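Novice: This is the structure, below, for whatever I ask next.
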Amino acid sequence: MASAAAADVAADGKKMILLVSSDGVKFELSEAAASLSKTLGNMIEDDCATNGAIPLANVASDILAKVVEYCNKHAAAAAAKASGEEELRRFDAEFVNIDRKKLFGLINAANFLDMPCLLELTCQRAADFIKDMMPEQVRKVFGIENDFTPEEEAEVRNENAWAYEI
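In UniProt numbering, the protein residues as written are 1 to 166.
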């Protein structure tokens with residue numbers, strides 16, 4: 001159970017958790033929303049708040065804002081149970097309709113915060129983004145240097161010819 005310093009109680013009786021991003025921006029969300037993250041759930045349970053807040057040194061404010069938005073929407077949908085799956089799917093589809101830099105930041109945050117649903121959603125978006133790209137395009141997008149010789153690359157293409165069939 002979180003200490004009184006780590007969690008305030010909102011007017012509606014919900015316990016509120018204060019998170020601090022790596023750049024010092026503070027975000028408040030309900031304990032129910034925070035519990036979508038196994039890492040935050042464990043930090044709340046272990047009373048890891050510093051000066052009444054949980055510091056997240058690995059998550060910048062622009063990314064943490066998106067994480068809080070995701071948690072709030074999914075916690076509200078779970079609490080209401082009346083929210084249709086279709087509405088949540090539309091939210092998720094729009095939620096990951098963001099630039100690559102922010103998407104990769106969300107992937108890292110979802111991994112760090114141990115949020116399997118958000119991690120799956122963001123990784124699927126990244127996979128959808130690169131699925132029709134040639135290896136050279138993927139290397140360029142991710143800044144990966146090609147360390148194969150032309151002979152090694154030809155060998156890999158021959159061994160995996162099925163992957164290049166269109």
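No residue lacks a Cβ here, since even glycine has one placed at the ideal position from N, Cα and C. Just so it is clear, the structure is predicted and the values come from calculations on it, not from any experiment.
Looking at the strands, I want to know which residues DSSP matches up with LYS140.
Specialist: Note: LYS140 sits in no beta bridge, so no partner.
Novice: Nearest by alpha-carbon distance to GLY24: which of ARG125, ALA57, LYS15 is it?
Specialist: Cα-wise, what sits closest to GLY24 is ALA57.
Novice: From VAL68 to SER30, what does the alpha carbon distance come to, in whole angstroms?
Specialist: Using only the alpha carbons, I get a separation of about 10 Å.
Novice: ILE17: buried (16+ other C-beta within 10 angstroms of its C-beta) or exposed?
Specialist: ILE17 comes out buried.
Novice: Check the DSSP bridge columns for GLU94 and list the partner residues they point to.
Specialist: GLU94 is not bridged to any residue.
Novice: Would you decide whether PHE148 is buried or exposed? Buried here means 16 or more other CB atoms lie within 10 Å of its CB.
Specialist: Exposed is the call here.
Novice: According to the neighbour-count rule (16 or more other Cβ atoms, all chains shown, within 10 Å of its Cβ), is VAL96 buried or exposed?
Specialist: With 16 or more Cβ atoms within 10 Å of its Cβ, VAL96 is classed as buried.
Novice: Are the beta-carbon atoms belonging to ILE63 and LYS102 less than 8 Å from one another?
Specialist: It is a contact, given that the beta carbons lie within the stated cut-off.
Novice: When you compare each of ALA154, ALA127, ALA34 to PHE142 by their alpha carbons, which one comes out closest?
Specialist: Of the candidates ALA154, ALA127, ALA34, the one whose C-alpha sits nearest the C-alpha of PHE142 is ALA127.
Novice: Taking the C-alpha atoms as reference points, what is the distance between ARG90 and LEU118?
Specialist: About 14 Å.
Novice: Kindly indicate the opening and closing residues of the alpha helix (DSSP H) around LEU121.
Specialist: Here the alpha helix (DSSP H) through LEU121 covers 116-130.
Novice: Please state whether the Cβ-Cβ distance between ALA75 and LEU36 is less than 8 Å.
Specialist: In this structure, LEU36 lies closer than 8 Å to ALA75 by Cβ.
Novice: Check this for me: beta carbons of ALA78 and SER22, under 8 Å apart or not?
Specialist: No. Outside cutoff.
Novice: At the level of alpha carbons, what is the spacing between ASN160 and PHE129?
Specialist: Their Cα atoms are separated by approximately 22 Å.
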